[in-house]
Structure formats: C-alpha cells, structure tokens
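Novice: Quick one: the structure is below, and I'll ask about it shortly.
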Amino acid sequence: MAEIITLPFVYDFDGALEKLAGDPVNSVDMLNRSIRFPMEEGNIVTLQAMGTKESPSFLLKGILNEAQKDMVKSIFHFNEPLDEIYLHFMDSDLAPIFQAHEGTPLVRSFSLYSTLMRSIIHQQLNMSFANTLTRRFVEAFGSEIDGVWRYPSPEVIADLEVSTLRDMQFSSRKAEYIIGLSQAVATGSLDLEKLRRLEDNEVIDILTDYRGVGPWTAQNFLMSGLGRPNLFPVADIGLQNALMNLWEMDRKPTKEEIIARFPIWSPYLSYAALYLWRSIEKNSFSK
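The opening residue of the sequence shown carries number 1 in full-length UniProt numbering; numbering runs sequentially from there.
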C-alpha cells in the first residue's frame, strides 16, 4: 500500500533525516532520501522524499490503516504548517537561524517508551558514547524486523539485573533508573499514553517523581515524544552555547537572560530550541 503526500509549505526532509540518522537504531538512507521505521504493531513503514525542500512530496509505503497514516503524518509534522512558525520568528533575534534552517521540522520519536529510554541513556554523556550505549541496549534487548531495529519492550527491561547493564558500561545509577522506569511502565503505574492528554506542567510533575527524571529529561520527553511546541530547557548546555554565539557574548547567557526572551519566542519555544540546536550542529551563527 502506497500513498503520495504533498505539503504546501517549505519542509527540509534532508535535514530531518540527517538528525534522525544521529540515532544509530534509525534505518536512514540519505542517498535515497528515505527512512524505514517500525509501527507499534511491528509493521515496517518506509517514507521517501519525492520532491524538493521548496515543493515537498513523499511516498509513504507500508501496511497502514487511516489512524496509523495520521500518526505518521503527526510524527513528521506534516499536519501543521511550518511557514507560520517561520514568520513568527522573523521579527525576533532568532530570525538569522530560522532563515538559515527554514523548514526544519520537529520530528517526534516513534514511541514514547523509546523516547524516555533514549533520554535517560543520553544524560550527561557525549553524543558518541551515548549512541554507542543506545545501540548496545537496542541490539541486546530489542528485536530486528527486515533490517529495522525496534527498542525493547518495558517488560523485557523490567526483568533485568543492574549488573547486566553494568556489563554493557552503563553506570549503576543509570542502570537503576532504566530498570526502575521500565518496571513502572510495565506494571502500568506510569501510563505513558495517558500523558498525551495532560498539560505540560502535569507531565513534568508526574515524570520527575521518578528517579532519574529531572526537568531536562521531562522537557525532552515532551518535545521529542509528544511534540509539544512550547518547551525550552534553559539548563541545556548546547542551547546556552548557541545563544552565546548568536548574541555574540563572551560568556554563556544566564537563565534569567534566556527566560526574558520567552514572551517573544512563545508559543513556539520548542522550535526556538530546535533551531538553536541545529545552528550548533551546522555551525551557523551568522547575525
């Protein structure tokens, strides 16, 4: 089953693929401008670019019902025009990076549990080692379907011993966090699907009650997992560095200096963060 999807706004799919390729378990083909990913039911879906950044169109292939098609479109931000967000920032101090990276979408993760696990694994690690641990974690406990890896289920991780993850170079504390959160999800005491219906502050309150989940991880979950548009993790070092360069400062901006810009950037704080991260990745700090 195949469907052609066209978008009436600028959409940088190649940039999105580049970012998705940073997760070692994503099956990204930059040459053919495509990604293959598993749905919850185990079906493998392919999304391939057919058009250009300025005139985007896509071929969606896989066994999908209408609800699943809608989910894919939501994950890739096909349903909300990016041009409205772009125009919002044209009168702000972030205009240069939005011009440099126009059409960059906020692509969600493919499952809420994987979002949470990846956020925990990546805490306080450099990207290279975090990706190494992520790959080990998925390949040791997940499953592979037609060359595409799926994150393990919470039930599988809930039954692990801390020593098992320690042997894979996880710290004892991080192993405890991963197993403890997986146990909460597996038993239903942490209902990730229920979080979709809650306000941002309610989600943060629930998640930060669990060991290993601080504000940064909770905000990352809201942005990457739920696609919430108005989050900005002020404690993120990458964002501080991006703003220091953009604002041509000789020091990192303070939390108060960053928050002072929120009224201008809202209601799209998540996109402010996304484009600032992108500016770091691409080393674009032009005024």
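Quick reminder that beta carbons are idealized off the backbone N, C-alpha and C, glycines included.
1) When the Cβ atoms of the stretch 81–90 are set against those of the stretch 268–276, are three or more pairs found closer than 8 Å?
2) With H, G and I counted as helix, E and B as strand and the rest as coil, what does DSSP make of K287?
3) If you compare alpha carbons, which of R108, L195 and Y177 is closest to K19?
4) Am I right that P38 and V156 are in contact with their C-beta atoms under 8 Å? What's the rounded C-beta distance?
5) Following the continuous beta strand (DSSP E) through L47, name the residue where it begins and the one where it ends.
6) From this set, E257, L192, I258 and G227, which residue's C-alpha is nearest V72's C-alpha?
7) With L226 as the anchor, note down where its alpha helix (DSSP H) starts and where it stops.
8) Determine the DSSP secondary structure at W149, reduced to helix, strand or coil.
9) Need the endpoints of the alpha helix (DSSP H) that residue 288 sits in, please.
10) Evaluate contact between the stretch 196–215 and the stretch 240–253, counting only Cβ atoms and requiring at least three cross-stretch pairs below 8 Å.
11) Quick check: what's the CA-CA separation for P8 versus F78?
12) Helix or strand or just coil, what does DSSP make of L195?
13) Name the DSSP beta bridge partners of S172, please?
14) When the distance is taken between beta carbons, is L94 closer than 7 Å to A260?
Specialist: On the basis of the coordinates in this document:
1) In short, these stretches touch, since the Cβ pair count reaches three.
2) No answer about K287 holds up, because its pLDDT of 44 lies below 50 and its placement is not dependable.
3) Taking only the C-alpha atoms, the option nearest K19 is R108.
4) P38 to V156, Cβ: 15 Å. No contact.
5) It spans I44 to A49 - the beta strand (DSSP E) in which L47 sits, taken as one unbroken run.
6) With distances taken between CA atoms, V72 lies nearest to G227 out of E257, L192, I258 and G227.
7) Run containing L226: none; DSSP gives neither H nor E here.
8) If DSSP states are grouped into helix, strand and coil, W149 belongs with the strands.
9) No answer is possible for residue 288: it lies beyond the span of the chain, which begins at 1 and ends at 287.
10) Not touching, per the Cβ criterion.
11) Taking the straight line from one Cα to the other gives about 10 Å.
12) Three-state DSSP puts L195 in a helix.
13) According to DSSP, S172 bridges with nothing at all.
14) Cβ distance not < 7 Å, so A260 and L94 don't count as in contact.
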